[in-house]
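In what follows, a single structure is set out as structure tokens and then discussed.
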Amino acid sequence: DEEGKLKDEL
Amino acid sequence: MNIFRLTGDLSHLAAIIILLLKIWKSRSCAGISGKSQILFALVFTTRYLDLFTSFISLYNTCMKLIYIGCAYATVYLIYAKFRATYDGNHDSFRVEFLVVPVGGLSVLINHDFSPLEILWTFSIYLESVAILPQLFMISKTGEAETITTHYLFCLGLYRALYLFNWIWRFYFEGFFDMIAIVAGVVQTVLYCDFFYLYVTKVLKGKKLSLPA
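Keeping their order, the protein sequence lines are chains D and R.
22 is the number of the first residue of the first sequence in our numbering; add one for each residue after it.
1266 is the number of the first residue of the second sequence in our numbering; add one for each residue after it.
Structure below.
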């Protein structure tokens, strides 16, 4: 899902 | 990855290294809030639980390991190795007033009511206020060592750069995460008066001292 994308941030 | 996020991560890494070296080289944690460092260790622990379940990149994994390692090493130096130099009297911020509301909020406002997501949300909210014990301690002692102000500047700058990163990602990738953005704005705003003192005093070679 789109929000999961930001989990690539520290 | 974009330039704002990269410089943000490097600024964060610099802050963590500066603090660790300051304590290690001076063999003293005077003026450092151990409570803030415990909160940061908690932030990294609850945020990086996916360290072993999802691989994003070598950079991502390495940085997470470095952050967690340095955070716990710093807590160890403060509360064990150089415990005698820990200024507990001035490090008196009641962290339960931070952890409890942040814990409640992360259960109420999150993207997904799953353990990993709630812990990630908890870490985002907690990080935005984790520096308060340190800022409170400086207001109580009325001063801060110059190296400590450089640590705080890098730490404050990192999330400010992340705000630009989120603007960049919204514009170019159409992604944004309201929880991270709101917490990041709060976190950066908390540094504003410190930023003002840092620019007007420390950068002019003066010592950072607050009107007691």
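Ideal Cβ positions, reconstructed from N, Cα and C, are used throughout, including at glycine.
- Under a 10 Å Cβ-count criterion, residue 1360 of chain R is classified as buried, with 16 or more other Cβ atoms of the shown protein chains found around its own Cβ.
- Residue 1396 of chain R has a beta carbon lying at 8 Å or more from every beta carbon in chain D.
- Judged by pairs of C-beta atoms under 8 Å, the segment 1426-1446 of chain R does not touch the segment 1319-1338 of chain R, as fewer than three such pairs exist.
- When the alpha-carbon of residue 1405 of chain R is set against those of R/1298, R/1285, R/1277, R/1279, the nearest one is in R/1298.
- Interface with chain D (8 Å Cβ-Cβ cutoff): residue 1424 of chain R is excluded.
- Three or more beta-carbon pairs separated by less than 8 Å link the segment 1384-1391 of chain R to the segment 1301-1308 of chain R, which places the two stretches in contact.
- With respect to the 8 Å criterion, residue 1455 of chain R and residue 1473 of chain R are not classified as neighbours on the basis of their beta carbons.
- Distances from the alpha-carbon of residue 1282 of chain R to those of R/1378, R/1328, R/1372, R/1315 put R/1328 closest.
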